[in-house]
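J.: One structure coming up, written as structure tokens, with questions to follow.
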Amino acid sequence: MRSRLILSNIILFVLALISFLPQVRVFSFFNQLWAALMILWLLVSLTIGKRAIFNRSKYRMYVGVFVLYTVLISYFFGNGVIGNRFLELSQLYLFYIGYEINKYYGFHYYNKRIIYGLIPFIVATCLTTIRALLVNPFASRDILERGAVERASTSVGGYGFIYFIVVIFCSLLFYFGRNSMPRKHRLTVLSLLGLLFVTVLLSNFMTGLLLCLFALVMRIFFPRLSKGRAIIIVTVGVFIFLFFEPIIVLISDAALAYLGDSLNASRVKEIRDLLIKGNSGASVTARADTYSQSFKLFLNNPFFGIIVDPIRRVGAGVSGFGQHSQVLDTFALFGFLIGTIQVYLIGNPIAKRINFKTKQNNNLPLIMLIVAFSLATVNNLTPSIGFAIFFIFPVIHDEVLMRENKLAYV
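Each residue of the sequence shown is one higher than the one before, counting from 646 in my numbering.
Structure follows, in structure tokens:
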């Protein structure tokens, strides 16, 4: 069994690596590669033991229902592009099941070895991305508009990589500075945190930067959370999200009235435009229109979604729904039941780790829950983001609990 576990972890490592490594993702056979690796991992895992894949876990059952339904129903109604998209996204849950298998059979260190093996590639990609961003601040944003050969040669991390390291930063932040953390690790972790933050800062992905700053504030000022504090923080966060643009306009207008025509006033205008529009030029209001489109489609098709009708093709993609929110798009495509299952699949592995009773710093799972749903609500998820949320985060959280003699198999 040990040799089969090693093989399954090698496959898992390769899947994780190709999920974010720019040099691999541009190859024409990339889709065939990840699909073949997924099938191979599933077959190898089935040989480990029945409980490796099939157990009485409600979560595993919902994963099976969600993946089979979203893929098969899409193909059945002639929407193969959507089927392919959700098949690729099934890697999110594969990563979590892979983590659980190692934990169940007592091979926790395999999970850590996978992460250790990925660190050099993450660091190298951050460095090449920073170098490109210093020359062209839009390098990570406009990467999809450039040719495959150029993208492969520059090794610049795009959307999937930036939000991948956002989740890593938020997770690693809560490991750093603990009394239980070995001193020899502190400089390494601090250096990695600095590298990740600089990459996100230069990338001009405003949502990513705001999430990093949010995690930093929570780590410094709210090391412990009660239920009351948690409710207040979530409520304030939702309010800011819903009224982000009016709040920024109100604050900036007050500052501009005070500053007049000074140079600082022009700086305030630049910051306001950056926060509201980002460097892509798309305002929060324009983004809200795409969310509204998916939400309205869901209201008009609450039971089965729009997947039962042919979705208009545009080149290699599709149109007709928002395509800027993983959560809302899934509700629009597949209806209430499947949309709700996806919310459960995203939230359950994180939410069950929240424990307000412990006296230790306990806010990492809650912060990660907020980060995960923020990304899934205002952006699309990718396999790389899924690996960070469903594999790296639980491994780091386990490490924190273990070093504080609090390890519990959740």
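Every residue gets a Cβ at the ideal spot worked out from N, C-alpha and C, and that includes glycine.
(1) Just grab the DSSP bridge partners of R611 for me.
(2) Report buried or exposed for M863, applying the criterion of at least 16 other Cβ atoms within 10 angstroms of its Cβ.
(3) How long is the line joining the alpha carbons of A942 and L1046, rounded to whole angstroms?
(4) Can you find the residues in the same chain that come closer than 7 Å, C-beta to C-beta, to I952, ignoring five residues on each side of it along the sequence?
(5) Have a look at M706, R758 and V812 and flag the residue whose alpha-carbon is nearest the alpha-carbon of S1029.
(6) Am I right that F766 and L666 are in contact with their C-beta atoms under 8 Å? What's the rounded C-beta distance?
(7) DSSP state of M646, grouped into three classes?
(8) Go to N946, then tell me how far its alpha helix (DSSP H) extends in each direction, as first and last residue.
(9) Across the stretch 671-687 and the stretch 764-783, are there enough close Cβ pairs to call them in contact, namely three or more that are closer than 8 Å?
(10) Excluding sequence positions up to five away, which residues of its chain have a Cβ less than 6 Å from the Cβ of V712?
(11) Would you give the residue range spanned by the alpha helix (DSSP H) that I1034 belongs to?
(12) On a CA-only basis, which of Y714, F1032 and F752 is nearest G950? Give me that one, please.
(13) Just checking my contact of V689 with I656 at CB under 8 Å: how many whole Å lie between their CB atoms?
(14) When we look at the beta-carbon of P1039 and count the other beta-carbons within 10 Å, is it buried (16 or more) or exposed?
(15) Do you know how far the Cα of V708 is from the Cα of L739?
(16) Between which residues of its own chain and N1025 is the CB-CB distance below 8 Å, once the five residues before and five after are set aside?
(17) Can you grab the Cα-Cα spacing for the pair A1033 / S800, in whole Å?
(18) Could you work out which residue in I1015, I995, I999 and K757 is closest to F1035 when comparing CA atoms only?
(19) Ordered along the chain, which non-local residues of its own chain (more than five positions away) have a Cβ less than 6 Å from that of Y761?
(20) Excluding sequence positions up to five away, which residues of its chain have a Cβ less than 8 Å from the Cβ of L650?
(21) Restricting to Cα atoms, I'd like to know which of S785, T833, I865 and H830 is closest to F850.
(22) Please work out which residues of its chain come closer than 8 Å, Cβ to Cβ, to L1014, disregarding the five sequence neighbours upstream and downstream, and give them in chain order.
(23) If F819 and L841 are in contact, beta carbons under 8 Å, what's the gap, nearest whole angstrom?
(24) Quick one: residues in its chain with C-beta nearer than 7 Å to the C-beta of H1042, no 5 flanking neighbours on either side, listed in chain order?
(25) Measure the Cβ-Cβ separation of L682 and L660 and say whether it is below 8 Å.
(26) Just verifying my parser: in three-state terms, what is the DSSP assignment at Y820?
T.: Once the coordinates are examined:
(1) Residue 611 falls outside the range modelled here, since the chain spans only 646 to 1055, and no answer is possible.
(2) buried
(3) A small correction: the amino acid at residue 942 is Leu; Ala does not occupy that position in the sequence shown. Each residue's Cα considered, the two are about 43 Å apart.
(4) I718, S719, F722, N724, I727, L978 and F979
(5) V812
(6) 6 Å
(7) coil
(8) Neither: N946 is in no alpha helix (DSSP H) and is coded neither H nor E.
(9) no
(10) S735
(11) Neither: I1034 is in no alpha helix (DSSP H) and is coded neither H nor E.
(12) Y714
(13) 7 Å
(14) buried
(15) 9 Å
(16) Q968, H969, S970, Q971 and D974
(17) 20 Å
(18) I995
(19) none
(20) I693, I746, N747, Y750, F752 and Y755
(21) S785
(22) G992, I995, A996 and I999
(23) About 14 Å; that fails the 8 Å criterion.
(24) R998, L1009 and P1010
(25) yes
(26) coil
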